[in-house]
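What follows is one structure encoded as structure tokens, with my remarks underneath.
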Amino acid sequence: MSRANYAYRRTVEFLSSGRIYLKNNVRVIHIKYTTHTDSSIGTRWFVAEEIPKLQYNNPYVQILINKNESPSPYVNVFYGDGSTVRIDTDGITSDEILRRLETVAAKKEEEVERERAKKAVNTANFGYLSAKHGGHFCICEVPGQAPCPGKVEVPRKEHPWHNKQKESS
């Protein structure tokens, strides 16, 4: 784990390459490992390589990491209903830890695709955040809608006060 790789680990390209989306009822992932023994090498690599991706893809899951508090490394997964699953990571590789976490706490591909389809852009939403995510900043940007008065001058007869002046005279 050279220091130069950490800059790449902060890029969106790297973070979005994670393939695990945790189930909705997963609340906390707690990882304990030591830095002194060779049995924790896989867990250390898992923390360095996969935890940033997990955090990026699952922002509402709390991830706790404790170093040098337990002689043997493990990963605990806490669910919303109070149940807990412990994954023993003593002497296994980072990829194997990822596979075990995937079988215990990950959503299926179909479920992830279904949720992505639900998050499709809603054309009824407007504003800065909507425009940032592929929507429209203003209704005038939607084809077939009236243009904004700030961009195109509105004809005088369409001003509401113009009609009131005619009625009063």
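Every position in the sequence shown, counted from 1, becomes a number in my numbering once 25 is added. Heads up, the beta-carbon is just placed ideally off N, CA and C, and yes, glycines get one too. Treat the numbers as computed from the prediction; the structure is a model and nothing was measured.
Three-state secondary structure (DSSP) of residue 87: strand
Own chain, CB closer than 7 Å to residue 166, minus 5 neighbours either side, in chain order: none
Beta bridge counterpart(s) of residue 113 as assigned by DSSP: 99
Three-state class that DSSP yields for residue 46 in the structure shown: coil
Same chain only: Cβ atoms within 6 Å of residue 46, ignoring 5 sequence neighbours per side: 82, 132 and 137
Burial state of residue 177 (16 or more Cβ within 10 Å): exposed
Straight-line Cα distance separating residue 91 from residue 134: 31 Å
Boundaries (first-last residue) of the beta strand (DSSP E) holding residue 57: 51-58
Boundaries (first-last residue) of the alpha helix (DSSP H) holding residue 176: Element bounds for residue 176: n/a, residue is neither H nor E.
Residue 65, buried or exposed, once every other Cβ within 10 Å from all chains shown has been counted against 16: buried
Within 9 Å, strictly: CB atoms of residue 114 and residue 100: yes
For residue 133, three-class secondary structure by DSSP: coil
Nearest-angstrom Cβ-Cβ length linking residue 71 and residue 122, presumed shorter than 8 Å: 5 Å
Cβ neighbours of residue 103 in the same chain (closer than 6 Å, five flanking residues each side left out): 52, 53 and 109
Simplified DSSP state of residue 92, which is helix, strand or coil: strand
Backbone CA spacing between residue 67 and residue 37 [nearest angstrom]: 24 Å
Integer-rounded CB distance, given that residue 117 should sit under 8 Å from residue 126: Residue 126 to residue 117, Cβ: 12 Å. No contact.
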